[in-house]
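Report on the following structure.
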Amino acid sequence: MLEIALHGPARAHPVGRQVPVTVTVRNTSRDVVWAAGVLDGSEDGVRYPRYLPSVLRDGRPVAGPPAPEDPLVGPLRPGDFRRLAPGESFDPTGHGFLPLTTFTTYAPDLPGRYLYGLSLSTESDTPEDWLGRFGQGEERAAVLELVKRVPRLTVTSVPLEVVVE
23 MLEIALHGPA RAHPVGRQVP VTVTVRNTSR DVVWAAGVLD GSEDGVRYPR YLPSVLRDGR
83 PVAGPPAPED PLVGPLRPGD FRRLAPGESF DPTGHGFLPL TTFTTYAPDL PGRYLYGLSL
143 STESDTPEDW LGRFGQGEER AAVLELVKRV PRLTVTSVPL EVVVE
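The opening residue of the sequence shown carries number 23 in this note's numbering; numbering runs sequentially from there.
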C-alpha cells in the first residue's frame, strides 16, 4: 500500500561529512491513500506517524533517533496529511515537514560501508496517539477523521548502502 525509499549519493562520500539522504513515500496500491510526513515527535517515537531512521556500520548501529526529550509535541493539522493517488509519492521531510535529524546531523567519522534505513509505522492503538499535546483545538475532529483514512501498517526501506572514503 505504501512504500518508503531512501536515495543517496551515487559515488563514495567523504569521511566527516553528513550524507545527503532523501526520502520518498509512494502509494503502491490501486486506491487513494492518505499519509502524513515527519512531525514533531515522529522521529523519537513520541507520536504517530513514527519515522524511525537508522545508520549501521559493520552491522552495528552508529546513529539513530534521539531519545525523547519532551512529550509536548505540537498540534496535528489537516495540512500535515497528503492524499496520494495510485503511484503518487511525496517527500515526508519536505515542505511543511521536519527533517530526520539522524540523517541531517550524523557524519560518518570512519571509512567503510554504511547502511541507512528507515521504517514508517502508522500502527497506533488509537487515533489520539497522533495528536499534539497542546493547541489541538477546534481542528481535533477534522484531523482525527484524516488519521482514520491512513492505512495501519509498518514499512521499512530497502537499506541504502553508502560508501565512505
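C-beta: ideal position from N, C-alpha, C; glycine also. This structure is a prediction, so every number in the text was calculated from the model and none was measured.
For PRO149, the three-state secondary structure derived from DSSP is helix. Here DSSP, grouped into helix, strand and coil, assigns ARG52 to coil.
Inclusion of LEU106 and PHE112 in the CB contact set at 8 Å is warranted, their separation being smaller than that value. The stretch 168-182 makes contact with the stretch 134-146; the number of CB pairs closer than 8 Å reaches 3 or more. For LEU140, the closest of VAL60, VAL55, GLU167 by C-alpha to C-alpha distance is VAL60. If you look at ARG174, you'll find it isn't in any alpha helix (DSSP H); DSSP assigns it neither H nor E.
Annotation for PHE125: the continuous alpha helix (DSSP H) segment containing it runs 123-127. Contact check for VAL184 and TYR136: beta-carbon distance about 5 Å, within the 8 Å limit, so the pair qualifies.
Per the DSSP secondary-structure output, PHE156 pairs with nothing in a beta bridge. Note on geometry: alpha-carbon atoms of PRO90 and HIS117 lie some 24 Å from one another. If you check the CB distance, HIS29 and THR44 come in under 8 Å. Where HIS29 is concerned, the enclosing beta strand (DSSP E) starts and stops at 24-29. Distance from VAL68 to VAL95 at the Cβ level is roughly 6 Å; contact confirmed, criterion being Cβ atoms closer than 8 Å.
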